[in-house]
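Chains as they are written, first to last, in the working numbering: chain A, 6 to 587; chain B, 6 to 587. The C-beta atom is built at its ideal place from N, Cα and C for all residues, glycine as well. A quick note: this is a predicted structure, and the numbers were derived from the prediction, not measured.
Protein chains: 2
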Amino acid sequence: MYRSHSCGELRTSDINKEVTLSGWVQKVRDKGFMIWVDLRDRYGITQLIFDEERTSSDVVEKAKTLGREFVIQVKGTVIERESKNPNMPTGDIEILVSELNILNESHTPPFTIEDETDGGEDIRMKYRYLDIRRNPVKDSLMFRHQVAMKVRNYLSEADFIEVETPYLIKSTPEGARDFVVPSRMNEGQFYALPQSPQTFKQLLMVGGMDKYFQIVKCFRDEDLRADRQPEFTQIDCEMAFVEQEDILNIFEGLTRHLIKDIKGQEISDFPRMTYDEAMRTYGNDKPDIRFGMKFGELNEVAQHKEFKVFNDAELVVGIAVPGGASYTRKEIDKLIDWVRRPQVGALGMVYVKCNEDGSFKSSVDKFYDQEDLSKWAETTGAKAGDLICILSGQGNKVRGQLSALRMELAERLGLRNPEEFAPLWVVDFPLLEWDEDTERYHAMHHPFTSPKPEDIPLLDSKPGDVRANAYDLVLNGNEIGGGSIRIHDKETQALMFDHLGFTPEEAKEQFGFLMDAFQYGAPPHGGIAFGFDRLVAILGGQETIRDFIAFPKNNNGRDVMIDAPANIDQGQLKELHIQLDL
Amino acid sequence: MYRSHSCGELRTSDINKEVTLSGWVQKVRDKGFMIWVDLRDRYGITQLIFDEERTSSDVVEKAKTLGREFVIQVKGTVIERESKNPNMPTGDIEILVSELNILNESHTPPFTIEDETDGGEDIRMKYRYLDIRRNPVKDSLMFRHQVAMKVRNYLSEADFIEVETPYLIKSTPEGARDFVVPSRMNEGQFYALPQSPQTFKQLLMVGGMDKYFQIVKCFRDEDLRADRQPEFTQIDCEMAFVEQEDILNIFEGLTRHLIKDIKGQEISDFPRMTYDEAMRTYGNDKPDIRFGMKFGELNEVAQHKEFKVFNDAELVVGIAVPGGASYTRKEIDKLIDWVRRPQVGALGMVYVKCNEDGSFKSSVDKFYDQEDLSKWAETTGAKAGDLICILSGQGNKVRGQLSALRMELAERLGLRNPEEFAPLWVVDFPLLEWDEDTERYHAMHHPFTSPKPEDIPLLDSKPGDVRANAYDLVLNGNEIGGGSIRIHDKETQALMFDHLGFTPEEAKEQFGFLMDAFQYGAPPHGGIAFGFDRLVAILGGQETIRDFIAFPKNNNGRDVMIDAPANIDQGQLKELHIQLDL
């Protein structure tokens, strides 16, 4: 037996016990006559003491050879520490070592195994197994497990059944790019890895499973933006005989439970907002509502004077920045530079300082008088001491720019407290969105999303105005979940495919099995999927998902630790009936 | 809201309640003036009654249009049934319907949605979503979920952390064939889908995770024998600072817990048997020990006479078939035909009838006297009334043949009771096995399995005799789990690769990351993996895994429901830098 206790559990109540511990050497302090070693495992750190007077000399000699990250086993007696460390759970005791067994040596690790490491991202990824020894990564992975367990137990208690859907499925041209898998046994044919179990979970509803969930890996072969992974994990859910309200209630319950259970925070009913309202109020379909700075649309009160920039704009819109009236000219110029960066893309910014004395000072005083500016303040909710930032231009474009500015300012003002949780349902998403590249409408969510029945007549006349029974769950400015009530009859599904530009033959080839299924008694159904990596990161108070994934890939989709993807040999290609085409 | 209750929950205590139910029409009995409909959902069946005297005529008319598997919603009153059905949980009540809403019609399903269906395997797979509506499949999937939850909660309670390992990894030539995934972003390179998370779980141990598990999909591109799937699910586990004994105890605990919790059966300590003993006693490394018929090796008592067949044989071995003395000549001839089938491959069979009067009658009376035969009876444990079946030939070959006969006879004799559970640890597996095709030794388990230290000197002289720290958990004649203590130092791992025919360069290219990791403080570690599909099936009392998998593939690796794999278009191939080579 390698150990009688872990390195995290011994206390003063264990004093005088003979124990065996195993773990890694975190630190060695060699005072000559006395050596202290911090011994680490997943559960904590225990201090070992080798004392010339009380430890046999060969053991002391062996202890002198120990280096960082050596794996050792020790036997010894639990004794009281002379100088206790109240910051460590085991800080009251130490182990007087009688026997030392070096289980494995270690090269000097390429970065320090400490909470704050000297290792950069690249080296940490290459030696991920060392990075995982660090508390921030180890704790994140353990936290992920706890969240997964809570989700599973909650949904299982609520009668959901976790069903494993297949990973080797069929490629579909709709949506993002698929990863594909050549079939050896079916010459010239390919499986695809699922972008989500969407059709399978719908078939489970047709199959009467009633309430389904799965914590499941999904795959998208997309060019990777920062903090995206080619393989990612979803909490995938579907329910039969439900309306949107049922889904919202159940998964609001799950989310509330997680926040309560993990963070101890009680959240009352989640606010709901239509997509249109979210776009108008926050310029964003996943608004962070932990703070205000709501948009004030200023067309009415800003397009009546000679200021051509505003008069020519489709939309003039502003936000009030709390306390911003004190910004210096230089600070404001920097803000203007910030919104003009290509990533944001505004042409310029108008501002109004709301002075403490009730007067206003703006960058467009030439065109607008105090009464105009006071109306702007009223519309944007600006108070004395605030700064109003105003952008103008084409509707949703300028909204996006102002949203970026709003988020940036909130960050600078410290309004994005990671320990505060502000969930929000955004509902009534558009069914379709126009794609500039292909010059046609795409499904905003996916082709199985049901349109609101009352909007179906608009499908031909104003497709962009058709609203869907689709909803997103937003948490602190991140979309953590999204779903919809699905189409469950063949006719509507065929109509939908038609509007998405599928010929009936294409629809049949790609999704014939689903449309067939709809003819054998498909119940009304709907569902939701949560991005699990993101959800865990946010609940963990982090912005990036990478430390919550054991073995993430880099932005080129490479696993730099195992060096994958890699070449495969000619024989393997031949068996798969493919050859390279470089 | 589609329903106030499920179809499984209403009881006499609910009488007079106004309820709303939704579900599928299981059965319609139309007596003209009265119509009964069995309404089904996941939770059960509730009887609906449409009564000309109490139900409005338009509702009755609509009810007359209902067909099997229509999806309907009804409102009505819970009333007491006139003729109760004690076999149904809802059998005391029925719903007097006041409102009927047809949510979706259904074509006549291609097979009956009943426990005993008229649908063959092929049609059931094509319409799997209908098959899942049948209780045997639905219950199997729900059972699978329950087992998974129990496993997760048990291991989580025992401090195991579920860590998701990547699905897009690197192809390795060792072991079975990989499924590969061409990388679009890394031209000419491929990911592989994991055959198991083996190296990653070992790296997690190097990373200090201490106790890991994962219920995870694995992939093998093998020619599929019956009841094998190209994608299958493992309970994958690994622990650091453990010896074989620790692993056996922990996972014996898990298995005992499952059998107790699911089947209510207390199992005491699992027996343990070496591989050698299992082969000698049962001719099989996964013996079914629910019944006896242990092998008796007869060389000593059968090779002293003039019977050339036995004298020329490496091994003469027999089993006693309980009650077999009463078999007719014809029945015995059929047994002989059975062992001579090519699938078994014996050349013939010698038998001895142990008569009730203590005398023996054998097919080799010409060569052996009663005293000889009585020794055979003693060696095989045959009692009066038994039949001794004896095969002879090359050692392990004849053991396999006799094992097949033993299993077949046990099946015929009803000794394989699916509700009885007889687990067994088989330990001390050989490290290497000789492969006739490649004429070299392969790792019997995998190349990371540690040899028993005392056997390492045999690696050069008698590689086949080297025993591994490897073990299998056998349940009712099925290997449900297997694992080993791993190598955790670079030198032994290099030695192992060398003996498996890897050049140092190949070893470095394929597994360099693992050998590197071993140089940075790798702890001793080991683990086990359970075949989850099989485990669930056996616990569910079934022989085949297919009904415990929601969407299984057929023996050609095809999903006949979605028709995958399938062709992909030229543009997609081009993006992936491959072309077909047919």
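**OP:** Taking the CB atoms as reference points, tell me whether residue 27 of chain A and residue 78 of chain A lie closer together than 7 Å.
**Re:** Position 22 of the first sequence holds residue 27 of chain A. Position 73 of the first sequence holds residue 78 of chain A. Yes, they are a contact pair.
Original post:
Just by C-beta distance, which residues in the region 453–468 of chain B are closer than 9 Å to chain A?
Top reply: none
Subject >> Endpoints, beta strand (DSSP E) assigned at residue 51 of chain A >> reply: The residue you call residue 51 of chain A lines up with position 46 of the first sequence. Start and end: 49–56.
Subject >> Cβ-based burial, residue 509 of chain B [other Cβ within 10 Å; buried from 16] >> reply: Locating residue 509 of chain B in the second sequence gives position 504, where the first residue counts as 1. Residue 509 of chain B comes out exposed.
Subject >> Exposure of residue 288 of chain B, with buried meaning 16 or more beta-carbon neighbours within 10 Å >> reply: The residue given as residue 288 of chain B occupies position 283 in the second sequence. Looking at its Cβ environment, which holds 16 or more other Cβ atoms inside 10 Å, residue 288 of chain B is buried.
Original post:
What is the rounded straight-line gap between the Cα of residue 488 of chain A and the Cα of residue 566 of chain B?
Top reply: Residue 488 of chain A sits at position 483 when you count from the first residue of the first sequence. Residue 566 of chain B sits at position 561 when you count from the first residue of the second sequence. Looking at the two C-alpha atoms, the distance is approximately 25 Å.
**OP:** Name, going along the chain, the residues of the region 165–189 of chain B whose beta-carbon falls closer than 9 Å to a beta-carbon of chain A.
**Re:** 165, 166, 167, 168, 169, 170, 171, 172, 173, 174, 175, 176, 178, 182, 183, 184, 185, 186, 187, 188 and 189
**OP:** Would you kindly report the start and end of the unbroken beta strand (DSSP E) that includes residue 278 of chain B?
**Re:** Position 273 of the second sequence, counted from the start, is the residue given in the question as residue 278 of chain B. 277–279 is the span of the beta strand (DSSP E), which, as asked, contains residue 278 of chain B.
**OP:** Ignoring anything shorter than 3 residues or poking outside the region 167–235 of chain A, list the beta strand (DSSP E) runs there in chain order.
**Re:** 185–187, 195–197 and 216–224
Original post:
Taking Cβ to Cβ, would you say residue 272 of chain B is nearer than 7 Å to residue 261 of chain B?
Top reply: By 1-based counting over the second sequence, the position of residue 272 of chain B is 267. By 1-based counting over the second sequence, the position of residue 261 of chain B is 256. Cβ distance < 7 Å, so residue 272 of chain B and residue 261 of chain B count as in contact.
Subject >> At least 3 beta-carbon pairs within less than 8 Å: the region 212–230 of chain B vs the region 16–33 of chain B >> reply: no
Original post:
To which residues of the same chain is residue 134 of chain B closer than 8 Å at the C-beta, ignoring the five residues directly before and after it?
Top reply: One-based indexing of the second sequence puts residue 134 of chain B at position 129. Excluding sequence neighbours, residue 134 of chain B sits near 566.
Original post:
Would the beta-carbon of residue 202 of chain B fall within 7 Å of that of residue 241 of chain B?
Top reply: What you label residue 202 of chain B is simply residue 197 of the second sequence in a count that begins at 1. What you label residue 241 of chain B is simply residue 236 of the second sequence in a count that begins at 1. A contact, by the Cβ cut-off of 7 Å.
Subject >> Reduced DSSP secondary structure (H/G/I, E/B, other) of residue 333 of chain B >> reply: For the purposes of this step, residue 333 of chain B is identified with residue 328 of the second sequence, where counting begins at 1. Of the three classes helix, strand and coil, the one that applies to residue 333 of chain B here is coil, per DSSP.
Original post:
Going along the chain, which residues of its own chain have a beta-carbon closer than 6 Å to the beta-carbon of residue 193 of chain A, five neighbours each way excluded?
Top reply: One-based indexing of the first sequence puts residue 193 of chain A at position 188. 582, listed in sequence order.
Original post:
Sorted by chain position, which residues of the same chain lie with C-beta nearer than 8 Å to residue 460 of chain A's C-beta, five sequence neighbours on each side aside?
Top reply: If you number the first sequence from 1, residue 460 of chain A lands on position 455. If we look at residue 460 of chain A and ignore the five residues flanking it on each side, its Cβ neighbours are 436, 470, 471 and 472.
Subject >> Completely contained alpha helix (DSSP H) runs for the region 54–93 of chain B, where each covers 4 or more residues >> reply: 62–69
**OP:** Could you check which residue in B:545, B:533 and B:276 has the C-alpha nearest to that of residue 249 of chain B?
**Re:** Working through the second sequence from its first residue, we reach residue 249 of chain B at position 244. Closest by alpha carbon: B:533.
**OP:** On a CA-only basis, which of A:211, A:539, A:85 and A:506 is nearest residue 483 of chain A? Give me that one, please.
**Re:** Taking the first residue of the first sequence as 1, we reach residue 483 of chain A at position 478. Ranking A:211, A:539, A:85 and A:506 by Cα distance to residue 483 of chain A puts A:539 first.
Original post:
Is residue 32 of chain A helix, strand or coil when you go by DSSP?
Top reply: The residue labelled residue 32 of chain A in the question sits at position 27 within the first sequence. Three-state DSSP puts residue 32 of chain A in a strand.
**OP:** Compare the C-beta of residue 381 of chain B with all C-beta atoms of chain A and state if any pair is closer than 7 Å.
**Re:** The count along the second sequence starts at 1 and reaches residue 381 of chain B at position 376. With 7 Å as the cut-off, residue 381 of chain B does not count as an interface residue toward chain A.
Original post:
Taking a cut of 8 Å between CB atoms, which residues from the region 362–379 of chain B lie near chain A?
Top reply: none
**OP:** Say whether chain B places a C-beta atom closer than 7 Å to the C-beta of residue 567 of chain A.
**Re:** Position 562 of the first sequence, counted from the start, is the residue given in the question as residue 567 of chain A. For residue 567 of chain A, the answer is yes, since a Cβ of chain B falls inside 7 Å of its Cβ.
Original post:
Excluding the five sequence neighbours on either side, which residues of its own chain have a C-beta within less than 6 Å of the C-beta of residue 256 of chain A, listed in chain order?
Top reply: For this step, residue 256 of chain A is matched to residue 251 along the first sequence. Cβ neighbours of residue 256 of chain A beyond the five flanking positions: 533.
Original post:
For residue 132 of chain B, does the three-state DSSP call read helix, strand or coil?
Top reply: Within the second sequence, residue 132 of chain B is the residue found at index 127, counting from 1. DSSP places residue 132 of chain B in coil when its eight states are reduced to three.
Original post:
Is the CB of residue 212 of chain A under 7 Å away from at least one CB in chain B?
Top reply: Locating residue 212 of chain A in the first sequence gives position 207, counting from the first residue. Chain B contact via Cβ: present.
Original post:
Once you ignore the five residues that flank residue 211 of chain A on each side, which residues in its own chain have a CB closer than 6 Å to its CB?
Top reply: As a working note, residue 211 of chain A is residue 206 in the first sequence. Closer than 6 Å at Cβ, skipping near neighbours: 522 and 527.
**OP:** Please confirm whether residue 218 of chain B and residue 169 of chain B have their CB atoms less than 7 Å apart.
**Re:** Numbered from its first residue, the second sequence carries residue 218 of chain B at position 213. Numbered from its first residue, the second sequence carries residue 169 of chain B at position 164. Result no, Cβ atoms of residue 218 of chain B and residue 169 of chain B do not sit closer than 7 Å.
**OP:** Given a cut-off of 7 Å, decide if residue 49 of chain A and residue 117 of chain A are closer than it, judged by their beta-carbon atoms.
**Re:** Position 112 of the first sequence holds residue 117 of chain A. Position 44 of the first sequence holds residue 49 of chain A. Cβ atoms of residue 117 of chain A and residue 49 of chain A: not closer than 7 Å.
Original post:
Span of the beta strand (DSSP E) holding residue 498 of chain A?
Top reply: One-based indexing of the first sequence puts residue 498 of chain A at position 493. Element bounds for residue 498 of chain A: not the beta strand (DSSP E) but the alpha helix (DSSP H), 495–504.
**OP:** Could you tell me the distance, in whole angstroms, from the CA atom of residue 479 of chain A to the CA atom of residue 520 of chain B?
**Re:** If you number the first sequence from 1, residue 479 of chain A lands on position 474. If you number the second sequence from 1, residue 520 of chain B lands on position 515. About 44 Å.
**OP:** Mind checking who residue 430 of chain A pairs with in its DSSP beta bridge?
**Re:** Counting from one through the first sequence, the residue named residue 430 of chain A turns up at place 425. DSSP lists A:277 and A:478 as partners of residue 430 of chain A.
Original post:
Taking only beta-carbon atoms, is residue 154 of chain B less than 7 Å away from chain A?
Top reply: One-based indexing of the second sequence puts residue 154 of chain B at position 149. It does; some Cβ of chain A falls within 7 Å.
Original post:
Between the region 439–454 of chain B and the region 411–422 of chain B, are three or more C-beta pairs nearer than 8 Å?
Top reply: no
Original post:
Given that residue 141 of chain B touches chain A, what residues does it touch there, using C-beta distances under 8 Å?
Top reply: Here residue 141 of chain B refers to the residue found at position 136 when the second sequence is read from its first residue. Ordered by position in chain A, no residue passes the 8 Å Cβ test against residue 141 of chain B, which lies about 13 Å from the chain.
**OP:** Answer yes or no: does any C-beta atom of chain A fall closer than 7 Å to that of residue 137 of chain B?
**Re:** By one-based count along the second sequence, residue 137 of chain B stands at place 132. Yes - at least one Cβ of chain A is within 7 Å of the one on residue 137 of chain B.
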